[in-house]
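**Student:** Chains as they are written, first to last, in the working numbering: chain Y, 791 to 885; chain S, 791 to 885. Built from N, CA and C at the ideal position, the CB exists for glycine as well.
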DNA sequence: AAATTTGGTTTATAATATAAACTACTTTAT
DNA sequence: ATAAAGTAGTTTATATTATAAACCAAATTT
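Structure representation (structure tokens):
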């Protein structure tokens with residue numbers, strides 16, 4: 791009847807992050823922070839959780855003197871998002 | 791960009807409860823428990839939260855000698871569900 | 001009449017989300 | 001040169017939420 795919802799994606803901020811990354815090749819911390827309106831702390835924590843699950847990759851570098859954190863969705867992340875949407879259907883249109 | 795997701799509905803069990811009640815006129819505790827696979831304790835707590843938000847009404851009676859708790863969605867509950875689905879769209883198809 | 005089942009509620013614990021405080025710089029103004 | 005303010009985060013503490021375990025009262029079964 792109801793498919794379980796991946797708890798990692800069933801979070802407003804993490805879902806927003808993945809939504810953005812699905813459509814983009816790469817996005818950096820500042821961009822994600824602006825788009826999601828998240829606080830830095832919350833964003834930092836949730837990005838780590840997504841990376842720990844291998845849903846995204848996080849790369850740290852420098853743009854001149856300024857640190858830059860870029861994020862990229864992985865194939866696992868894409869698959870998880872697809873499953874999440876699929877599972878949601880079972881709630882929106884239950885049999 | 792991203793519409794906020796009503797935290798009351800953004801919960802696997804509460805979403806399942808509302809999903810069921812949307813399609814039904816009324817459902818009782820035992821029915822909801824079977825369909826959602828929730829434990830009694832969890833179901834009890836989440837039903838109270840939905841009632842506190844006036845998303846559902848809870849009615850207690852007896853079926854013969856046995857207690858019976860029935861639930862019914864309210865107009866506010868229906869509206870909240872609609873908004874939730876609408877907000878979800880902003881995550882599944884972000885601009 | 002003891003054990004089990006039904007239909008729950010309450011309470012305790014674990015997990016999660018969030019904000020506040022902090023770190024390590026860089027840039028700008030004095 | 002130094003102080004103040006800004007950037008880009010991380011860490012830690014706290015509040016909220018979800019979940020399970022323990023419990024209760026009555027009914028039913030053995």
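1. Taking three-plus beta-carbon pairs below 8 Å as touching, is the region 860-874 of chain Y in contact with the region 835-843 of chain S?
2. Three-state secondary structure (DSSP) at residue 849 (chain S)?
3. Please report how far the alpha carbon of residue 826 (chain S) lies from the alpha carbon of residue 849 (chain S), in whole angstroms.
4. Is the Cβ-Cβ distance between residue 828 (chain S) and residue 803 (chain S) less than 8 Å?
5. With 16 as the cutoff for other CB atoms within 10 Å, does residue 795 (chain S) come out buried or exposed?
6. If I measure Cβ to Cβ from residue 864 (chain S) and keep anything under 8 Å in the same chain, skipping five residues before and after, which residues do I get?
7. How many Å lie between residue 816 (chain S) and residue 877 (chain Y) at the Cα?
8. In this structure, how does DSSP classify residue 842 (chain S) when only helix, strand and coil are distinguished?
9. Give me the chain Y residues within the contact set of residue 829 (chain S), using Cβ-Cβ distance strictly less than 8 Å, ordered along the chain.
10. Span of the alpha helix (DSSP H) holding residue 865 (chain S)?
11. For the region 810-843 of chain Y, enumerate the residues whose C-beta is nearer than 9 Å to any C-beta of chain S, in chain order.
12. Look at residue 837 (chain Y) and residue 807 (chain Y) and say whether their C-beta atoms are less than 8 Å apart.
13. In the structure shown, what three-state DSSP assignment does residue 825 (chain Y) receive?
14. Check each residue of the region 857-885 of chain S: if its Cβ is closer than 8 Å to any Cβ of chain Y, include it; give the result in chain order.
15. Confirm, please, whether the CB-CB distance from residue 811 (chain S) to residue 862 (chain S) is below 8 Å.
16. For chain Y, find out if any of its Cβ atoms is closer than 8 Å to the Cβ of residue 798 (chain S); answer yes or no.
17. I'd like to check one pair, residue 805 (chain S) with residue 874 (chain Y): are the Cβ atoms closer than 8 Å?
18. How many angstroms separate the CA atom of residue 866 (chain S) from the CA atom of residue 809 (chain S)?
**Tutor:** A quick look at the data gives this:
1. Taking a cut-off of 8 Å for Cβ pairs, the region 860-874 of chain Y and the region 835-843 of chain S do not touch, as fewer than three such pairs fall below it.
2. In the three-state reduction of the DSSP assignment, residue 849 (chain S) falls in the strand class, which pools E and B.
3. Going from the Cα of residue 826 (chain S) to the Cα of residue 849 (chain S) covers about 19 Å.
4. Judged by their CB atoms, residue 828 (chain S) and residue 803 (chain S) are nearer to each other than the 8 Å cut-off.
5. Looking at its Cβ environment, which holds 16 or more other Cβ atoms inside 10 Å, residue 795 (chain S) is buried.
6. Only 844, 845, 846, 847 meet the Cβ criterion.
7. Cα to Cα, residue 816 (chain S) sits roughly 24 Å from residue 877 (chain Y).
8. In the structure shown, residue 842 (chain S) sits in a helix (DSSP, three-state: H, G or I).
9. Taking a Cβ-Cβ threshold of 8 Å, none of the residues of chain Y is close to residue 829 (chain S); the smallest such distance is about 15 Å.
10. Looking at the DSSP string, the run of the alpha helix (DSSP H) that includes residue 865 (chain S) is 865-882.
11. Taking 9 Å as the Cβ-Cβ cut-off against chain S, the residues of the region 810-843 of chain Y that qualify are 810, 812, 813, 825, 826, 827.
12. At a Cβ-Cβ threshold of 8 Å, residue 837 (chain Y) and residue 807 (chain Y) count as neighbours.
13. Taken through DSSP and simplified to helix, strand or coil, residue 825 (chain Y) comes out as helix.
14. Contact residues of the region 857-885 of chain S toward chain Y are 875, 878, 881, 882, 884 (C-beta to C-beta distance below 8 Å).
15. Yes, they are a contact pair.
16. Answer no: the Cβ-Cβ gap between residue 798 (chain S) and chain Y never drops below 8 Å.
17. No, the Cβ-Cβ distance between residue 874 (chain Y) and residue 805 (chain S) is not below 8 Å.
18. Cα to Cα, the separation comes out at about 14 Å.
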